[in-house]
Amino acid sequence: MRTSKRERILDAAVSVINRDGVRAVTFESVAAEAQLTRGGLLYHFPSREALLRGIDEHLVQSWEASMEALLGKSAGEATALERYQTFVRVSTQSATRAELMFMLDSVDPEFPSERPWAPVVQRWAPSPPAAGSDDPAALDNFVARLAADGLWIYEAMYEGQLDENVRAQVTERIGGLLSPERSRKA
């Protein structure tokens, strides 16, 4: 399937961010990376703000698509356990600087409910246990989420990746917190 110019621009912008950071995202740097003219970029993204919003949405869609591809179905078709296991597996594999930066920067303090990442996280990740809950399964599920998030952030923030065997062992340990009994109530 042929990649659209819009997708090419967004992929190029993500490459710029992963290499040089968000501040390096300019029309010139992204156009050069995408091998397009500045005018071609402006056609799809008339402002830097529109480009940054597009990058954020692109990253969110790519992240959810990777979970759907791994699971072979959408969140709506999956059981809670399948969603949680998939979230853990993808979160422990796909740490990029761009994803971390946009997840952190996409929160508008004036409009916290408009975070583009929130609906995807709500569909796939275990929620915090209710206040006053004594449900150990809900707590274990949430601890697994926090551990997966922690590994994802660790790899996005620090130079280099964990050894594949170490990452696999950590992922297995995190996944061990999730079981059919622990996810029935979700």
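According to the numbering used here, the residues represented by the sequence shown are -6 to 179, in order. Glycine is no exception: its CB is placed at the ideal position from the N, C-alpha and C atoms. As the structure is a prediction and not an experimental result, all values here were calculated from the model.
Worksheet entry | Cβ pair L93, I146 closer than 8 Å | yes
Practice prompt. Take every Cβ of the segment 110 to 117, pair it with every Cβ of the segment 67 to 82, and state whether three or more of those distances are shorter than 8 Å.
Written response: yes
Discussion item. Taking the beta carbon of E21 as the centre, do at least 16 other beta carbons fall within 10 Å, making it buried, or is it exposed?
Written reply: exposed
Practice prompt. Apply the 10 Å Cβ neighbour rule to R138 and answer buried if 16 or more other Cβ atoms are within range, or exposed otherwise.
Written response: buried
Fill in: Counted within 10 angstroms of its Cβ, other Cβ atoms place L97 as buried (16 or more) or exposed
exposed
Worksheet item: Does the distance from the CB of V83 to the CB of L63 come in under 8 Å?
Response: yes
Worksheet item: Under 8 Å between the Cβ atoms of F38 and L29?
Response: no
Worksheet item: When the distance is taken between beta carbons, is E26 closer than 8 Å to A5?
Response: yes
Practice prompt. Locate the alpha helix (DSSP H) running through A58, then write down its first and last residues.
Written response: 41 to 64
Worksheet item: Looking at the unbroken alpha helix (DSSP H) that takes in E26, where does it start and where does it end?
Response: 20 to 27
Worksheet item: For the candidate residues R16, K66, S67, whose alpha-carbon lies nearest to that of E42?
Response: R16
Practice prompt. For N134, count neighbouring C-beta atoms within 10 Å of its own C-beta (all shown protein chains included) and say buried if the count is 16 or more, exposed if not.
Written response: buried
Discussion item. Please report the distance separating the alpha-carbon of A141 from that of A131.
Written reply: 15 Å
Worksheet entry | N-terminal and C-terminal residue of the alpha helix (DSSP H) that D156 is part of | Here D156 belongs to no alpha helix (DSSP H), and DSSP marks it neither H nor E.
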